[in-house]
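Asker:
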Amino acid sequence: MKFALIFQNDTVAFLPELFLAISILVVLLHGSFLGVTAASLHSYLTPSMVRLTSGTLFLSLLLVINNPVESQTLWNAIFIADYLSTWAKFIIFIGLLFCVSVSESYMFSARFRAYEFFVFILGIALSLCLLISSYDLLSIYLSMEFLSLIFYVLAAWKKNSYFSAEAGLKYFILGSVASIFFLFGSSLIYFSLGTTNLASLALLTENLSVSSAFIYFGLVCIVSALLFKLGAAPYHMWIADVYEGAPTLVSLIFALVPKVAFFVVVLRIAFTSFWSLFPTLWEDFFCICGLLSLFIGCLCGLGETKIKRILAFSSVGHVGFLCLGLASGSIEGIQAVLFYLVFYMLTAAFLWVYVLHLDLTSNSSLLTFADAIGLVRSNPFLGFGVVLMIFSLAGIPPFGGFFAKLNIFIGLVDSSFFIVAIFAVLTSVISAFYYIRLIKIFYFEKNNNWFFFAPLTKGASIVLVLSGLIIIFFMLSPNLFYLLSYKVGLGLFF
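Numbering-wise (the working numbering), the sequence shown opens with residue 51 and increments by one.
1. Looking at the secondary structure, which residues open and close the beta strand (DSSP E) in which LEU124 lies?
2. Going by the beta-carbon positions, is the gap between ALA320 and LEU376 smaller than 9 Å?
3. What are the boundary residues of the beta strand (DSSP E) that includes PHE129?
4. If you draw a straight line from the alpha carbon of MET51 to that of LYS139, how long is it in whole angstroms?
5. For the structure I just gave you, are there three or more beta carbon pairs, one from the segment 387-397 and one from the segment 475-488, closer than 8 Å?
6. Taking the straight line between their C-alpha atoms, what separation do you get for GLN122 and ILE144?
7. Looking only at its chain, what residues have a beta carbon closer than 6 Å to the beta carbon of ILE2, apart from the 5 residues adjacent to it on each side?
8. With DSSP as the reference, please indicate the residues paired to ASN210 in a beta bridge.
9. So, TYR484 versus ILE360, is the Cβ gap smaller than 9 Å?
10. Is there contact between the segment 326-342 and the segment 256-274, where contact requires at least three CB pairs shorter than 8 Å?
11. Taking the CB atoms as reference points, tell me whether GLY351 and SER364 lie closer together than 9 Å.
12. Figure out for me which residue from PHE278, LEU341 and THR298 has the closest Cα to the Cα of SER226.
13. DSSP on LYS220, reduced to helix/strand/coil?
14. Considering only their Cβ atoms, is the gap separating SER250 from LEU258 smaller than 9 Å?
15. Expressed to the nearest angstrom, what Euclidean distance is found between the alpha-carbon atoms of PRO447 and PHE459?
16. Please confirm if the segment 184-197 is in contact with the segment 100-111, defined as three or more CB-CB distances below 8 Å between the two stretches.
17. Return the chain-ordered ranges of every alpha helix (DSSP H) run that is complete within the segment 402-448 and spans a minimum of 4 residues.
18. I believe VAL292 touches TYR212 by the beta-carbon criterion, under 8 Å. Please report the beta-carbon distance rounded to the nearest angstrom.
19. Closest by CA to ILE303, which one among TRP402, VAL426, SER511 and GLU382?
20. Count Cβ pairs between the segment 108-121 and the segment 61-72 that sit closer than 8 Å; are there 3 or more?
21. Can you round the beta-carbon distance between TRP33 and PRO308 to whole angstroms, since I take them to be within the 8 Å contact cut?
22. Look up LYS508 in the DSSP assignment and say whether it is helix, strand or coil.
23. Return the CA-CA distance between ALA290 and GLU495, expressed in angstroms with no decimal places.
24. Measuring only the C-alpha atoms, how far is ILE486 from CYS373?
25. Label ARG318 either buried or exposed according to how many other C-beta atoms from any shown protein chain fall within 10 Å of its C-beta, with 16 as the threshold for buried.
26. Tell me which same chain residues have a C-beta within less than 7 Å of the C-beta of SER326, skipping the five on either side of it?
Quick look at the structure:
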């Protein structure tokens, strides 16, 4: 009884995760029982799975919002419940709801009959919730591996595609190396300081004047593994091949969902546990990663003709901006990173749903710029929306993407990183070239062949309207987003 009372608050704070874990079993049983009937009647199982998964994610979202425990550590300080984790989980569930809402039509056209896909989506939700709330290096590692195992399977989902098999294998091998780096770094930290708990590490390193080389090397290994999962340079080798080879729906999940969770972990390690090492380690490390990511993101995208690879290298460049926001080391830098993450996710959701729509109407498995010709004449409203989102990604005012980049520049200038800020502006200008080339193809290229674009599905329309309206609403009332990101950033320190 005493044991139950001790952990009663922990259980209440952990209700969203417990609900998700039970829901995974329910969805798995539902699919396995109905799968045989669906196969014998030649009926389709996906609509019921979509409704069940969407309902589960929505209820989990409500549980996260109404969590009565505001800020405390859980289960012997292995996990934490705070304002930052609540905000991040909210963003994750919104992203996954977007993915589920566009999945039905894609799975129908791509002839995906497997109900396990929706079990994996709930598994992604659970692993990301655990990762966001993790407050110990070991719980971070286990949550990261849980997520990675699901992603390895999803990347190689198309069994009859050479590109999908290559994507899955490449992601698995390089992801295993990243996991080894994380474990090795954690063991070095434990060897040096005798604990893996982030709160204990913060107390031990608060007044540390001289650090051993083991601590520095261990931290570089740990954060390198996390930046690999984000696709930051020089750990970006997998990203273009995986985005291109994986099914488009899986690429949408890769691009949309995990970035917020991994950046929350990086923020906890750099700004909470090892804040004292900021001048000696984090500034230089994040600056180098950020500048390399910007350089590779803008140059490698210039010669590409395939839409998915363009979006992959664009992602590398945007992660570079986020790393530079971390390098500034100020509360304004954290606010800029959180603000940038939200707007990048919304813009990426719009563009990836459009790519998914192209994939439904194209006969080719590898989408090129030629597949986009004729969209504006076929569906002018959607074409105009895509152009606005491309402008936002390129950082052209008055769209949300411009203000997201501006916040990063302000954080860099306030921290006296003038040369880094100038380099970031130059790479942003260069990368704008391949965004504007897409717009030129939409409006000015002529197609000699007949083209046909299927009408948008209901789920895709909802995602496009919601993401588009939020970005337009920002232009009308920006203060709400600034205040929210500032409050979340302050939640990291208190």
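Cβ coordinates follow ideal geometry from the N, Cα and C atoms, glycine included.
Answerer: This is what the structure holds:
1. Residues 122-124.
2. Yes. Within cutoff.
3. Per DSSP, PHE129 belongs to the beta strand (DSSP E) from 129-131.
4. Low confidence applies to MET51: its pLDDT is 48, below 50, so where it sits in the model is not reliable, and the reading given next is rough at best. Distance between the alpha carbons of MET51 and LYS139 is about 31 Å.
5. In short, these stretches do not touch, since the Cβ pair count stays below three.
6. Going from the Cα of GLN122 to the Cα of ILE144 covers about 24 Å.
7. Residue 2 lies beyond the residue range present for the chain, which begins at 51 and ends at 544; the question has no answer from this structure.
8. For ASN210, which the question treats as bridged, DSSP gives no partner whatsoever.
9. With respect to ILE360, TYR484 sits close: the two C-beta atoms are nearer than 9 Å.
10. As far as the Cβ criterion goes, the segment 326-342 touches the segment 256-274, which means the pair count is three or higher.
11. Yes.
12. SER226 has its Cα closest to that of PHE278, out of PHE278, LEU341 and THR298.
13. If DSSP states are grouped into helix, strand and coil, LYS220 belongs with the helices.
14. No, Cβ-Cβ distance for LEU258 and SER250 is not below 9 Å.
15. Answer to the nearest angstrom: the Cα atoms are 14 Å apart.
16. Result no; under three Cβ-Cβ pairs closer than 8 Å.
17. Annotation note: the segment 402-448 contains the following uninterrupted alpha helix (DSSP H) runs of length 4 or greater, listed N- to C-terminal: 425-428 and 430-444.
18. The C-beta distance from VAL292 to TYR212 rounds to 14 Å, too long to meet the 8 Å contact threshold.
19. Nearest C-alpha to ILE303: TRP402.
20. Result yes; three or more Cβ-Cβ pairs closer than 8 Å.
21. There is simply no residue 33 to check, as the chain begins at 51 and stops at 544 in what is shown.
22. The answer is helix: DSSP assigns LYS508 an H, G or I state.
23. Taking the straight line from one Cα to the other gives about 26 Å.
24. Rounded to whole angstroms, ILE486 to CYS373 spans 25 Å at the Cα level.
25. With 16 or more other Cβ atoms from the protein chains shown falling within 10 Å of its own Cβ, ARG318 counts as buried.
26. Excluding sequence neighbours, SER326 sits near THR255, GLU256 and LEU258.
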